[in-house]
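Beneath this line is the structure, given in structure tokens, with notes to follow.
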């Protein structure tokens, strides 16, 4: 389970920063997708590049989960970091409201996040299979697979 951090004394000056694991292909894929939603409203940097600028956050915490760090020093961790990024210009902004408002959704999201974190390499393969290898040009291959399965069931 990741540790939820509250704040840092070394926040970014100009705009929020989403800190993620730069050695994780799955993370890179989805960070690239989120960038397409938020544009230049958020910095996206791997923890390997920015951890030294935030000495009050142990590196182990950056390894555990993504962190969205606001300019006031407030930190959102794990699924909250992802959902919070969506409030910067995405139709998925309601997910942050749900996470903040509904304990059941928060617990479900935290559990799912932990499961994803333990299975990143397998889920990266599944992600590329379903959406393609290029996160900037997502293709809904899953629709084709679903139609193929429906066709097979229909002819049986």
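Residue numbers (the working numbering): 39 to 194.
Yeah, the Cβ is synthetic: ideal placement off N, Cα and C, and Gly gets one too.
The structure displayed is predicted, hence computed values, not measured ones.
Quick check: what's the CA-CA separation for residue 48 versus residue 187?
52 Å
Applying the 10 Å Cβ sphere with the 16-neighbour rule, what's the burial state of residue 92?
buried
Compare the Cα-Cα distances from residue 98 to each of 166, 167, 160 and 41 and report the closest residue.
41
What's the gap between the Cα of residue 125 and the Cα of residue 114?
12 Å
Assign residue 149 to one of two classes, buried (16 or more other C-beta atoms within 10 Å of its C-beta) or exposed (fewer than that).
exposed
Taking 8 Å as the threshold (C-beta atoms), are residue 106 and residue 123 in contact?
yes
Distance, residue 53 Cα to residue 109 Cα
6 Å
Which same chain residues, not among the five before or five after residue 76, have their C-beta less than 7 Å away from its C-beta?
123, 126, 127 and 128
List the endpoints of the continuous alpha helix (DSSP H) containing residue 147.
141 to 156
Could you check what DSSP says for residue 82 in three-state terms: helix, strand or coil?
strand
Considering only the beta carbon of each residue, do residue 104 and residue 174 sit closer than 8 Å?
no
For the beta strand (DSSP E) containing residue 74, list its first residue and its last residue.
It is not in any beta strand (DSSP E) - residue 74 instead sits in the alpha helix (DSSP H) that spans 63 to 76.
Thinking just about the alpha-carbon of each residue, which of 68, 45, 56 and 46 is nearest to the one in residue 176?
68
Span of the alpha helix (DSSP H) holding residue 98?
97 to 102
In three-state terms, what does DSSP make of residue 40?
coil
Residue closest to residue 63, alpha-carbon to alpha-carbon, out of 160, 191 and 190
160
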